[in-house]
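There are 2 protein chains.
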Amino acid sequence: MLYEFLSVEKSSGVLLYEQLYDKVRLAIGKGLLKKGDKLPSIRRLSEDLSVSRTTVESAYDQLCAEGYLSNRPQRGFFVEAEQLDIPTSPSHLPSEPSRLHKTLVRYDFSSSSVDPEYTDIKFWQRLIKDVYEKPYVITSYGQPQGEKELRSALCEYSRRVRGVSADPDRIVIGAGTQALLSVLIGLLDGYGYSAAMEQGFFPQGEQIFRDFRYDITPLSADKEGIILDDSVRSRVLFVNSSGSMRGSAPIPVNKRAQIIRWAKRRDAVIIEDDFNGELRYTSKPVPALQGMCGSRVVYLGSFSKLLLPSVRISYMVLPPSLSGRYAERCSNYNQTASKAEQLALAQYISCGRLDRQLRRLRKLYSEKSAVMYASVKECFPSDTIVDVIETALCVRIKLNTETSLDELRKRAENSGIRLGKCREKNGLKYFYLSFAGIASDEIPQAVNCLYREVFQEPFVEKYH
Amino acid sequence: MLYEFLSVEKSSGVLLYEQLYDKVRLAIGKGLLKKGDKLPSIRRLSEDLSVSRTTVESAYDQLCAEGYLSNRPQRGFFVEAEQLDIPTSPSHLPSEPSRLHKTLVRYDFSSSSVDPEYTDIKFWQRLIKDVYEKPYVITSYGQPQGEKELRSALCEYSRRVRGVSADPDRIVIGAGTQALLSVLIGLLDGYGYSAAMEQGFFPQGEQIFRDFRYDITPLSADKEGIILDDSVRSRVLFVNSSGSMRGSAPIPVNKRAQIIRWAKRRDAVIIEDDFNGELRYTSKPVPALQGMCGSRVVYLGSFSKLLLPSVRISYMVLPPSLSGRYAERCSNYNQTASKAEQLALAQYISCGRLDRQLRRLRKLYSEKSAVMYASVKECFPSDTIVDVIETALCVRIKLNTETSLDELRKRAENSGIRLGKCREKNGLKYFYLSFAGIASDEIPQAVNCLYREVFQEPFVEKYH
Numbered sequence: 001m002l003y004e005f006l007s008v009e010k011s012s013g014v015l016l017y018e019q020l021y022d023k024v025r026l027a028i029g030k031g032l033l034k035k036g037d038k039l040p041s042i043r044r045l046s047e048d049l050s051v052s053r054t055t056v057e058s059a060y061d062q063l064c065a066e067g068y069l070s071n072r073p074q075r076g077f078f079v080e081a082e083q084l085d086i087p088t089s090p091s092h093l094p095s096e097p098s099r100l101h102k103t104l105v106r107y108d109f110s111s112s113s114v115d116p117e118y119t120d121i122k123f124w125q126r127l128i129k130d131v132y133e134k135p136y137v138i139t140s141y142g143q144p145q146g147e148k149e150l151r152s153a154l155c156e157y158s159r160r161v162r163g164v165s166a167d168p169d170r171i172v173i174g175a176g177t178q179a180l181l182s183v184l185i186g187l188l189d190g191y192g193y194s195a196a197m198e199q200g201f202f203p204q205g206e207q208i209f210r211d212f213r214y215d216i217t218p219l220s221a222d223k224e225g226i227i228l229d230d231s232v233r234s235r236v237l238f239v240n241s242s243g244s245m246r247g248s249a250p251i252p253v254n255k256r257a258q259i260i261r262w263a264k265r266r267d268a269v270i271i272e273d274d275f276n277g278e279l280r281y282t283s284k285p286v287p288a289l290q291g292m293c294g295s296r297v298v299y300l301g302s303f304s305k306l307l308l309p310s311v312r313i314s315y316m317v318l319p320p321s322l323s324g325r326y327a328e329r330c331s332n333y334n335q336t337a338s339k340a341e342q343l344a345l346a347q348y349i350s351c352g353r354l355d356r357q358l359r360r361l362r363k364l365y366s367e368k369s370a371v372m373y374a375s376v377k378e379c380f381p382s383d384t385i386v387d388v389i390e391t392a393l394c395v396r397i398k399l400n401t402e403t404s405l406d407e408l409r410k411r412a413e414n415s416g417i418r419l420g421k422c423r424e425k426n427g428l429k430y431f432y433l434s435f436a437g438i439a440s441d442e443i444p445q446a447v448n449c450l451y452r453e454v455f456q457e458p459f460v461e462k463y464h
Numbered sequence: 465m466l467y468e469f470l471s472v473e474k475s476s477g478v479l480l481y482e483q484l485y486d487k488v489r490l491a492i493g494k495g496l497l498k499k500g501d502k503l504p505s506i507r508r509l510s511e512d513l514s515v516s517r518t519t520v521e522s523a524y525d526q527l528c529a530e531g532y533l534s535n536r537p538q539r540g541f542f543v544e545a546e547q548l549d550i551p552t553s554p555s556h557l558p559s560e561p562s563r564l565h566k567t568l569v570r571y572d573f574s575s576s577s578v579d580p581e582y583t584d585i586k587f588w589q590r591l592i593k594d595v596y597e598k599p600y601v602i603t604s605y606g607q608p609q610g611e612k613e614l615r616s617a618l619c620e621y622s623r624r625v626r627g628v629s630a631d632p633d634r635i636v637i638g639a640g641t642q643a644l645l646s647v648l649i650g651l652l653d654g655y656g657y658s659a660a661m662e663q664g665f666f667p668q669g670e671q672i673f674r675d676f677r678y679d680i681t682p683l684s685a686d687k688e689g690i691i692l693d694d695s696v697r698s699r700v701l702f703v704n705s706s707g708s709m710r711g712s713a714p715i716p717v718n719k720r721a722q723i724i725r726w727a728k729r730r731d732a733v734i735i736e737d738d739f740n741g742e743l744r745y746t747s748k749p750v751p752a753l754q755g756m757c758g759s760r761v762v763y764l765g766s767f768s769k770l771l772l773p774s775v776r777i778s779y780m781v782l783p784p785s786l787s788g789r790y791a792e793r794c795s796n797y798n799q800t801a802s803k804a805e806q807l808a809l810a811q812y813i814s815c816g817r818l819d820r821q822l823r824r825l826r827k828l829y830s831e832k833s834a835v836m837y838a839s840v841k842e843c844f845p846s847d848t849i850v851d852v853i854e855t856a857l858c859v860r861i862k863l864n865t866e867t868s869l870d871e872l873r874k875r876a877e878n879s880g881i882r883l884g885k886c887r888e889k890n891g892l893k894y895f896y897l898s899f900a901g902i903a904s905d906e907i908p909q910a911v912n913c914l915y916r917e918v919f920q921e922p923f924v925e926k927y928h
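The listed protein sequences correspond, in order, to chains F and G.
According to the working numbering, the first sequence is numbered sequentially starting from 1.
According to the working numbering, the second sequence is numbered sequentially starting from 465.
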């Protein structure tokens, strides 16, 4: 036998042809076999190794298919690959144990979940099941722009509930606001690669613009919303029309008109993020900015707090100019949202269930916000400032405490409490406490527990 | 009554307070009410209109909430908004009838669907149902990087089936290759904003890079794959390791090594699109390039032809350097793939069902490609060149016909035949005929019909 390294072990449990295949690759990798070397014939090697010809043939075929060997008619098999300075086998990294050591969460004040009792899981499950019972629907790709049925339903819904002026051809579906922004930003050629947005309010949006190498013009806000004047040179404005760092009072109509006039002067495009815009419960929801100036506003709508957070469907309404541009390259974008979930949502909207859900949730969140407000007022010191932030489904507390945010976060974690967004400004600490994921009747004790185990001082005495 | 335009119609069916609200907005829009004007008191107006005080109060409250009016204590309600050069109501555009006049598709040669008989719908449906029976799972947001269960399953699967070296922390899930590229490109700061890729092979990928304002360096290909030398200055290389315009022979190992050496010299990153790489049926699948150089290759994997085209889940394996960068900003990206579908897929992989499906499909597609090849050979003229393109699940035919592509497409459409990709080069016309969406026993008659109704000449005699 010419090549003693071409051996196989019959009892190893690995298929013989795979062993042989590996040995040849390894030999080439180590330089034992060099480009141009002739390999033993199939018959010869099968006799030397006492294996079937099929075994050798399979190994050689695969090696030829991958370019390690060539089969020269009438002459035999030759090494084609050169010795490589690369590993011939992938290293088998063991998958490491989960780093996410999950503590049991007793109370979730973050906005990362919703109250299971008020989701429409059963109904949604039935809709999903119905979709799966139409095989032709889920064995084919969806429309890049999103399913027509959903776009039609959203057109009607957004007009009725948010005053948005759309038609289905100008609606684009996507798996979340970021996925939509990725498509949208590609259409904004000619708007100068600079975007103005309220500082710190929507980091995920900022990230996408930065990824697209946009400059960000940070805007401040007063109690009426973002402050905008002609010193702002960007021609792309990202605005949340129903909330900001300052709170969740809707932008008053004068400010809205001012924003639109600014955009007209600058020939700018406005991207309106209407996150939870329909979830106002103390007054009728304020119509979207888009309804005032559909030719210049891109409207972004989503559903995570209305349906299930696990369903990733958002939509945007493009002004006619951008929808023309989109149509030209539509075929170059794949849809990101699940087709089955899109069709379920279309049905959910059309049969009136979303309206019903909206009514239920407005009522629920109105009650919950009142309970949370009262509980905070009761448990926390009297100098704590408490505000209800409607569309974010939370109350904000402003506290004057010496304890650092890190320390407070650590205490919360140790107590099984998940905190939401918190920040520090002008010596005050701000905490956004969401009531979305805590059941109504648990709110008082949750807030009480939060105060006692995280905020109450002197903390040291209690535990040591 | 001071303002006769503030009237309501009791029999109109529209809520009275909404009518009143609309009338005030309209009056401001028309200039009939000007900034600073005082409105009638609630009591006065309710008497004038013979409506309840609550009606007027509700309308005024809403108008105040939106900034049209202000309520000055002890003085009354005043107009705050200025006359706006904007419509006060969104125009109610009727949604136009669908432009997509759907012709019944008899035979689908495009790659837009799969054979319903060979999908795993029932099993998949059960998995989805199981997920929905765990409410805590779907009432909370998913992990931005993708569900841990799925990342672990993919780590094991991609190693075993594709020779990919990964660990779950370096895997990022997304709703399709494009969604992943959007995240990835954001991480490629410092690689010079220029990407090299095979010309015309993957327009959707090109689009994303262009949207991110990358220059594209178009590469040609010979029979072994893309041609790469030091004149290529890009430091981002996008490559499909298991197919190209030239066909679907795997890139031979020499060429692979050459690509990796090129990347090392240029300090470049390689993005390997392994589209359908596991779906080889004439030989054992060729391991992914990533296994040869995990420190420099980003691996992209997807499932659309293995599962259901309507399920949008892809994944990428980042090299350690990029995964560190990703971890820093992970929280700024939302996950795009449906959480329910991710968890179903994790289960589908872990219980071995994906392996089973892969075996079934390899066998099925091997048979179908043989039938399609034979049918084309039988029906089409003998000078037609036919190739099987494995990973694309199609055969490619090269024809010498005078008839224009447009005319051929039109004929196909009229005959209820959906054509796949076609192009013209050096006087020859290329057609990619997918067999994925046509049942095995229908292929012969589908191909026969395709030839007779679309390609056969003289076409005129037959129909006129």
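Quick reminder that beta carbons are idealized off the backbone N, C-alpha and C, glycines included.
Since the structure is predicted, the reported quantities are computational estimates derived from the model, not experimental observations.
Three-state secondary structure (DSSP) at residue i?
i: residue 562 of chain G; result: Because the pLDDT of residue 562 of chain G is 33, which lies under 50, any placement of that residue in the model is unreliable, and the number read from its coordinates should be weighed accordingly. Here residue 562 of chain G sits in coil by DSSP.
i: residue 300 of chain F; result: strand
i: residue 592 of chain G; result: helix
i: residue 897 of chain G; result: strand
i: residue 64 of chain F; result: helix
i: residue 858 of chain G; result: strand
i: residue 916 of chain G; result: helix
i: residue 418 of chain F; result: strand
i: residue 472 of chain G; result: coil
i: residue 91 of chain F; result: Unreliable placement is indicated for residue 91 of chain F, whose pLDDT of 33 sits below 50; the coordinate value is still reported in the next sentence. Reduced to three states, the DSSP call for residue 91 of chain F is coil.
i: residue 16 of chain F; result: helix
i: residue 71 of chain F; result: strand
i: residue 365 of chain F; result: helix
If we call anything under 7 Å between Cβ atoms a contact, is residue i one with residue j?
i: residue 645 of chain G; j: residue 790 of chain G; result: no
i: residue 234 of chain F; j: residue 196 of chain F; result: yes
i: residue 761 of chain G; j: residue 630 of chain G; result: no
i: residue 214 of chain F; j: residue 231 of chain F; result: no
i: residue 498 of chain G; j: residue 470 of chain G; result: no
i: residue 447 of chain F; j: residue 375 of chain F; result: yes
i: residue 776 of chain G; j: residue 338 of chain F; result: yes
i: residue 52 of chain F; j: residue 76 of chain F; result: no
i: residue 577 of chain G; j: residue 139 of chain F; result: yes
i: residue 398 of chain F; j: residue 432 of chain F; result: no
i: residue 804 of chain G; j: residue 404 of chain F; result: no
i: residue 333 of chain F; j: residue 183 of chain F; result: yes
i: residue 666 of chain G; j: residue 884 of chain G; result: no
i: residue 855 of chain G; j: residue 718 of chain G; result: no
i: residue 937 of chain G; j: residue 830 of chain G; result: Since the first residue shown for chain G is 465 and the last is 928, residue 937 of chain G is missing from the structure and cannot be characterised.
Let me check one thing: in DSSP terms, what residues is residue i bridge-paired to?
i: residue 681 of chain G; result: G:660
i: residue 425 of chain F; result: F:428
i: residue 240 of chain F; result: F:273
i: residue 222 of chain F; result: F:225
i: residue 38 of chain F; result: F:78
i: residue 572 of chain G; result: G:882
i: residue 577 of chain G; result: F:140
i: residue 434 of chain G; result: Given that chain G is displayed from residue 465 to residue 928, the structure contains no residue 434 of chain G and the question cannot be resolved.
Discussion item. Runs of 3 residues minimum, wholly inside the stretch 593-662 of chain G: which ones carry the beta strand (DSSP E) assignment?
Written reply: For the stretch 593-662 of chain G, whole beta strand (DSSP E) runs of length 3 or above, ordered along the chain, are 635-638 and 658-662.
Fill in: Short-range partners of chain A found in the stretch 768-779 of chain G, where Cβ spacing is below 7 Å
In summary, chain A is missing from the structure at hand, where the protein chains are F and G.
Item to complete: Could you tell me whether the stretch 395-410 of chain F touches the stretch 114-121 of chain F, using the rule of 3 or more Cβ pairs below 8 Å?
Response: No, the stretch 395-410 of chain F is not in contact with the stretch 114-121 of chain F.
Worksheet item: Are at least three pairs of beta-carbons, each pair with one atom in the stretch 902-917 of chain G and one in the stretch 878-885 of chain G, less than 8 Å apart?
Response: Result yes; three or more Cβ-Cβ pairs closer than 8 Å.
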